[in-house]
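In my numbering, the protein residues as written are 1105 to 1399. Right, one structure below, let's go through it.
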């Protein structure tokens, strides 16, 4: 699968279209909004950038993963949230404006954090012989993540109507690419698939649930409102696996590194939907039990 033109050329182009679509949904004001709710933004970013990689590292060490799979889990942890997080936040009545702000900031930070965390993981797990994220590849990651977003934002500024029309097709395209690449990565390692699922299925499942829970609980502990907590949960808990898959397959040229993201991309839809239902149902039940006004 690694040598396929679909992966080496098609996947980066597909991701560029997806990130361009993300840019079409952003404005400069989305970055400025951080000053209006700084606490909510700081909570989510600290969890996303600092806490999640530590949790991923702990899980990798606890389950004693193969070095390449370990690097894949760390790459997944470093990947930002994306439009899927915005969609889930909308479905469960979260603060979507906060999600959009977090996505905007995370997309910029990811261009720095992904190379740093991935290179540290490659060094720590002694995978240098198989992988390498040298300066040229770091530049490639930055280009993949940031340039299409910037172009999308520029296009939106010039034509808001075009940006609105393109939103739905790009979202559908994003889901199709994620499904195709995830299935392709899993089939590419079909001989080892059962072993990989056994190794990383539980790790990625625990990681997803921990991310969702931390995003929600951290926001609530700091007394953010319910909608902000839901937004934080979805942003922290749902990663842009298309970015992780593209870097694993096209930049690092490793199907094995892509396996954790491929498995996670399947699990996250189920786990995020179940988690969102539980927290919103609990909130609804609490409201029902409150004393009703009389008179």
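Just so it is clear, CB atoms sit at the ideal spot from N, CA and C, and this is done for glycine as well.
Looking at residue 1229 and residue 1174, is the spacing between their C-beta atoms short of 7 Å? As a working note, residue 1174 is residue 70 in the chain shown. As a working note, residue 1229 is residue 125 in the chain shown. Residue 1229 sits close to residue 1174, with the two beta carbons spaced by under 7 Å.
Along the chain, where does the alpha helix (DSSP H) that runs through residue 1332 open and close? For this step, residue 1332 is matched to residue 228 along the chain shown. Element bounds for residue 1332: 1330-1341.
If you draw a straight line from the alpha carbon of residue 1127 to that of residue 1382, how long is it in whole angstroms? Here residue 1127 corresponds to residue number 23 of the chain shown, with the count starting at 1. Here residue 1382 corresponds to residue number 278 of the chain shown, with the count starting at 1. Going by the C-alpha atoms only, they are around 31 Å apart.
Same chain, Cβ closer than 7 Å to residue 1217, neighbours up to 5 away in sequence not counted: Here residue 1217 is taken as the residue at index 113 of the chain shown, counted from 1. Contacts found: 1153, 1182.
Enumerate in chain order the residues of its own chain whose CB-to-CB distance from residue 1350 is below 7 Å, with the five nearest sequence positions on each side excluded. Here residue 1350 is taken as the residue at index 246 of the chain shown, counted from 1. Cβ neighbours of residue 1350 beyond the five flanking positions: 1115, 1116, 1119, 1248.
For residue 1263, which three-state DSSP category applies? In the chain shown, counting from the first residue as 1, residue 1263 sits at position 159. Residue state for residue 1263 is assigned as coil, using DSSP reduced to three classes.
For residue 1255, which residues from the same chain have a beta carbon less than 7 Å from its beta carbon, with the 5 sequence-adjacent residues on both sides left out? Translated into positions along the chain shown, residue 1255 becomes position 151. Correct list, in chain order: 1124, 1127.
Keeping to the same chain, check which residues put their C-beta closer than 7 Å to that of residue 1198; ignore five residues upstream and five downstream. Sequence index remark: in the chain shown, residue 1198 carries index 94 (1-based). Contacts found: 1331, 1334, 1335, 1338.
Collapsed DSSP secondary structure at residue 1140 in the structure displayed: Working through the chain shown from its first residue, we reach residue 1140 at position 36. It is coil, neither helix nor strand.
How many Å lie between residue 1246 and residue 1210 at the Cα? To locate residue 1246, count along the chain shown from 1; it is residue 142. To locate residue 1210, count along the chain shown from 1; it is residue 106. The alpha-carbon atoms of residue 1246 and residue 1210 are separated by roughly 13 Å.
Between residue 1278 and the ligand HEM, is there a pair consisting of the residue's CB and a ligand heavy atom that are separated by less than 6 Å? By its list of ligands, the structure shown contains no ligand whatsoever, and the ligand HEM lies outside what it can speak to.
Just checking my contact of residue 1368 with residue 1191 at CB under 8 Å: how many whole Å lie between their CB atoms? Along the chain shown, read from residue 1 onward, the residue named residue 1368 stands at position 264. Along the chain shown, read from residue 1 onward, the residue named residue 1191 stands at position 87. Incorrect: roughly 17 Å between the Cβ atoms, too far for contact.
Starting from the Cα of residue 1340, find the closest Cα among 1129, 1121, 1134, 1145 and give me that residue. As a working mapping, residue 1340 is identified with position 236 in the chain shown. The shortest C-alpha separation from residue 1340 is found at 1145.
What are the boundary residues of the alpha helix (DSSP H) that residue 1218 is part of? The sequence position of residue 1218 within the chain shown is 114, counting from 1. Element bounds for residue 1218: 1200-1228.
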